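Notes to accompany the following structure.
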Ligand SMILES: CC(C)(COP(=O)(O)OP(=O)(O)OC[C@H]1O[C@@H](n2cnc3c(N)ncnc32)[C@H](O)[C@@H]1OP(=O)(O)O)[C@@H](O)C(=O)NCCC(=O)NCCS
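Residue numbers (my numbering): 146 to 302.
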């Protein structure tokens with residue numbers, strides 16, 4: 146048992162996604178915001194299921210060769226079981242195969258669980274954005290190199 150599955154989010158997931166909630170991120174991810182992402186050309190929203198039940202989601206944008214991570218959440222009663230890590234690992238591997246060379250994100254300075262999650266995946270702090278959030282809190286900027294095609298040499302003319 147403990148069957149986990151990562152797949153892309155669809156309209157049919159919206160109720161379950163809203164139920165997962167963001168648990169204190171204060172970033173205003175309501176039903177409409179998720180629906181807007183589903184309709185966006187750059188958005189790549191994902192979900193993770195546990196025993197066929199949706200228990201987490203990951204909102205990303207793919208912009209050129211960069212994956213931008215907007216938001217990740219796991220249902221409060223399923224946290225600390227490696228679900229967010231599994232979800233992110235799956236998506237990072239998928240993006241690697243699809244030519245992404247890096248991933249970036251902003252996270253609240255005070256969000257210890259999220260910062261630890263990203264660090265556990267190899268993300269490093271590369272900067273900060275002062276008073277980035279509406280309530281005045283700073284954002285920490287984190288980056289992960291996914292693949293490095295430039296190491297193979299300069300592109301052919
Ligand atoms: C952040 C969040 C998505 C983590 O989800 P999760 O499924 O519980 O995370 P995982 O179980 O995969 O944790 C992986 C690693 O992250 C770190 N981590 C996760 N939660 C942590 C916590 N509460 N405190 C410290 N470290 C934590 C640990 O290193 C953990 O590995 P370990 O359990 O072996 O020590 C979840 O807490 C959540 O939904 N928070 C509310 C939404 C949010 O803040 N999202 C981020 C905004 S960008």
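Using N, Cα and C, we set each Cβ at its ideal position, and we do this for glycine too. Values in this document were obtained by computation on a predicted structure and should not be read as measured data.
Indicate, with yes or no, if ligand 1 has a heavy atom lying under 7 angstroms from the CB of residue i.
i           : result
residue 227 : yes
residue 265 : yes
residue 279 : no
residue 270 : no
residue 257 : yes
residue 238 : no
residue 261 : yes
residue 157 : no
residue 230 : yes
For residue i, which residues of its own chain have a beta-carbon under 8 angstroms away from its beta-carbon, when the five flanking residues on both sides are left out?
i           : result
residue 247 : 210, 211, 212, 288, 289, 290 and 291
residue 190 : 153, 154, 179, 182, 183, 202, 203, 204 and 205
Please report the straight-line C-alpha distance between residue i and residue j, rounded to a whole angstrom.
i           : j           : result
residue 160 : residue 176 : 8 angstroms
residue 277 : residue 284 : 6 angstroms
residue 243 : residue 151 : 16 angstroms
residue 156 : residue 274 : 33 angstroms
residue 280 : residue 253 : 11 angstroms
residue 188 : residue 267 : 23 angstroms
residue 225 : residue 237 : 20 angstroms
residue 229 : residue 216 : 11 angstroms
residue 186 : residue 272 : 28 angstroms
residue 231 : residue 173 : 25 angstroms
residue 270 : residue 262 : 13 angstroms
Looking only at DSSP bridge pairs, what is residue i linked to?
i           : result
residue 288 : 249 and 269
residue 163 : None; residue 163 has no bridge partner.
residue 152 : 192
Beta carbon of residue i: closer than 7 angstroms to some heavy atom of ligand 3?
i           : result
residue 224 : With respect to ligand 3, the structure offers nothing, as its ligand set consists of ligand 1.
Spatial neighbours of residue i within its chain, please: CB distance less than 7 angstroms, with the 5 preceding and 5 following residues excluded, ordered by chain position.
i           : result
residue 164 : none
By Cβ distance below 6 angstroms, which residues in the same chain neighbour residue i in space, the five residues on each side in sequence not counted?
i           : result
residue 223 : 200
Report task. Entirely within the segment 203-276 and at least 3 residues each: give me those beta strand (DSSP E) ranges in chain order. Result -> 211-219, 247-253 and 269-274
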